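See structure below.
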Amino acid sequence: MLQWFISGCAPARPCRRGYLPSVIWLASALGCTALMAQDLHFSQYELVPTQLNPALTASDPDWDTRLGLVYRDQWRSVPVTYQTAQLFYDRKLDLAFLPQGEWGLGATFLHDQAGDGQLSWSQLGLRLSYGVALNQQHRIALGLGTDVGQRAIRLEQLAFEDQYNGEVFDPNSLTAEQLDRSAAGFASLQAGVLYQWEDRRTEKLIQAGWSTYHLNQPLIRFQDDQGIALSMRHALHLKGSKHFTEQWETLVYAHQLFQGPYFESLLRVGARYHTTYREEALVVGANLAHRLGDAWIPQLTLQYGPWLLGLTYDFNSSAFRTATTGRGGSELVLHYYLKQVKPPDAFKSCPIF
Numbered sequence: 000m001l002q003w004f005i006s007g008c009a010p011a012r013p014c015r016r017g018y019l020p021s022v023i024w025l026a027s028a029l030g031c032t033a034l035m036a037q038d039l040h041f042s043q044y045e046l047v048p049t050q051l052n053p054a055l056t057a058s059d060p061d062w063d064t065r066l067g068l069v070y071r072d073q074w075r076s077v078p079v080t081y082q083t084a085q086l087f088y089d090r091k092l093d094l095a096f097l098p099q100g101e102w103g104l105g106a107t108f109l110h111d112q113a114g115d116g117q118l119s120w121s122q123l124g125l126r127l128s129y130g131v132a133l134n135q136q137h138r139i140a141l142g143l144g145t146d147v148g149q150r151a152i153r154l155e156q157l158a159f160e161d162q163y164n165g166e167v168f169d170p171n172s173l174t175a176e177q178l179d180r181s182a183a184g185f186a187s188l189q190a191g192v193l194y195q196w197e198d199r200r201t202e203k204l205i206q207a208g209w210s211t212y213h214l215n216q217p218l219i220r221f222q223d224d225q226g227i228a229l230s231m232r233h234a235l236h237l238k239g240s241k242h243f244t245e246q247w248e249t250l251v252y253a254h255q256l257f258q259g260p261y262f263e264s265l266l267r268v269g270a271r272y273h274t275t276y277r278e279e280a281l282v283v284g285a286n287l288a289h290r291l292g293d294a295w296i297p298q299l300t301l302q303y304g305p306w307l308l309g310l311t312y313d314f315n316s317s318a319f320r321t322a323t324t325g326r327g328g329s330e331l332v333l334h335y336y337l338k339q340v341k342p343p344d345a346f347k348s349c350p351i352f
């Protein structure tokens with residue numbers, strides 16, 4: 000039964016004197032969703048490209064290299080807090096032996112931990128993209144990715160009902176809840192496609208993409224005789240922007256995620272203000288998103304020179320707000336961009352006589 004607990008939904012046995020720890024909360028709080036078979040989620044997917052679509056790897060023409068940091072702190076008001084951290088790196092490839100086109104390479108490391116049992120998800124991945132400019136406005140790209148990861152739990156940190164002897168709870172007594180192993184590894188494959196239309200003269204942008212993660216549906220095995228398959232996760236994402244003055248820009252972003260019985264719909268709208276400060280470009284943005292049936296998510300963004308900062312806070316609107324008192328959690332995204340100055344294609348000396 001412990002395998003079922005970790006997977007996300009065990010039958011709710013009565014808890015004696017509140018000693019059964021947060022693994023029960025974890026199952027009930029998420030509506031008995033199969034946690035083991037779901038990916039981690041973010042509120043700013045458009046700023047976390049490695050988790051949205053491998054075709055987004057190094058896809059922006061305005062920079063050559065990007066370093067990214069993501070930190071999410073969720074559900075502080077209940078005893079099953081989640082902390083998620085991710086580092087990612089992507090850059091354009093300009094190598095003579097590669098076929099003509101726009102190549103991008105990326106790497107990512109992700110770690111998540113939750114609950115009394117410190118149920119964790121660690122993951123290391125690579126991304127590769129190839130894009131072709133059809134003309135000055137239209138571009139398509141394909142992306143591939145692979146991840147290797149591990150799920151782990153510290154059983155010694157948990158307490159179970161059979162450690163209650165009828166009178167008192169004895170943490171030193173043996174429990175029948177056991178696993179064949181406390182960690183399980185997996186390897187996963189991803190693919191995606193991206194279309195982008197951009198008119199730099201009128202400063203309009205439309206971007207649409209589709210991706211599928213866990214194409215091989217890897218098994219995670221805590222027991223020798225059974226495993227939990229990571230369901231394929233499909234993502235459809237759309238983004239648009241338009242300048243209506245030289246300084247003001249409107250933004251729209253939406254995505255639909257599907258993974259097994261789980262689906263997520265999110266729509267974000269907002270505006271950005273462009274100016275300069277000390278001869279560096281400064282862009283300030285304010286947006287509001289709604290994750291259907293779950294949360295309202297205000298977002299603030301600040302871009303100054305090579306730095307981009309994104310901040311969100313989830314205000315729960317689902318039935319789970321009774322436990323969270325509406326406080327879902329905060330998320331921080333930080334990017335740093337590098338742009339290489341390329342030498343001229345040809346240099347011709349002019350001798351002076």
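Residue numbers (numbering that gives the first Met the number 0): 0 to 352. Glycine included, each C-beta is placed from N, C-alpha and C at the ideal position. On a predicted model such as this, the values are computed, not experimentally measured, just so you know.
Buried or exposed for residue i, going by 16 or more other Cβ atoms inside 10 Å?
i, result
"F185", "buried"
"W172", "It should be noted that the sequence gives Ser, not Trp, for residue 172. S172 should be labelled exposed."
"L337", "exposed"
"H137", "exposed"
"F262", "exposed"
"Q206", "buried"
"G142", "buried"
"V131", "exposed"
"W362", "Since the first and last residues shown for the chain are 0 and 352, residue 362 lies out of range."
"T311", "buried"
"C31", "For C31, the pLDDT reaches just 37, beneath the cut-off of 50, and the residue's location in the model is therefore unreliable, leaving the point undetermined."
"L97", "exposed"
Could you tell me which residues DSSP puts in a beta bridge with residue i?
i, result
"S317", "DSSP lists no partner for S317."
"S119", "Q112 and A151"
"W391", "Nothing can be reported for residue 391, as the shown portion of the chain is limited to 0 through 352."
"Y252", "K238 and R267"
"T49", "DSSP output for T49 lists no bridge partner at all."
"H233", "T211 and F257"
"T145", "L125 and L188"
"V131", "I139"
"Q222", "Q225"
"Y163", "F168"
"F41", "Answer is none; F41 lacks a bridge partner."
Hey, would you say residue i sits closer than 8 Å to residue j, going by beta carbons?
i, j, result
"L104", "L127", "yes"
"F87", "A57", "no"
"T406", "M231", "Residue 406 falls outside the range modelled here, since the chain spans only 0 to 352, and no answer is possible."
"D111", "L39", "yes"
"V332", "Q43", "yes"
"E248", "A270", "yes"
"A294", "G327", "yes"
"R71", "F41", "yes"
"S264", "L291", "yes"
"R90", "S119", "no"
"F221", "A183", "yes"
"I152", "S187", "no"
So residue i and residue j are in contact, right, with Cβ under 8 Å, and what is the actual spacing, rounded?
i, j, result
"K284", "T300", "According to the sequence displayed, residue 284 carries Gly and not Lys. Confirmed, Cβ separation roughly 4 Å."
"K144", "Q189", "According to the sequence provided, residue 144 is Gly. The question's Lys does not apply to it. So it is a contact: roughly 4 Å between Cβ atoms."
"L204", "G239", "6 Å"
"Q216", "L235", "Incorrect: roughly 20 Å between the Cβ atoms, too far for contact."
"L193", "A54", "4 Å"
"G100", "H334", "Going by Cβ atoms, the distance from G100 to H334 rounds to 24 Å, so no, they are not a contact pair."
"D63", "Q339", "5 Å"
"V282", "Q302", "4 Å"
"L256", "V268", "Rounded, the Cβ-Cβ distance is 19 Å, inconsistent with contact."
"I227", "L237", "Incorrect: roughly 31 Å between the Cβ atoms, too far for contact."
Which runs of the beta strand (DSSP E) at least 3 residues long sit entirely within the stretch 271-340? Give them in chain order.
279-290, 294-303, 306-315 and 326-337
Would you mind listing the beta strand (DSSP E) stretches within the stretch 54-108 that are 3+ residues and don't spill past its ends, in chain order?
64-73 and 81-92
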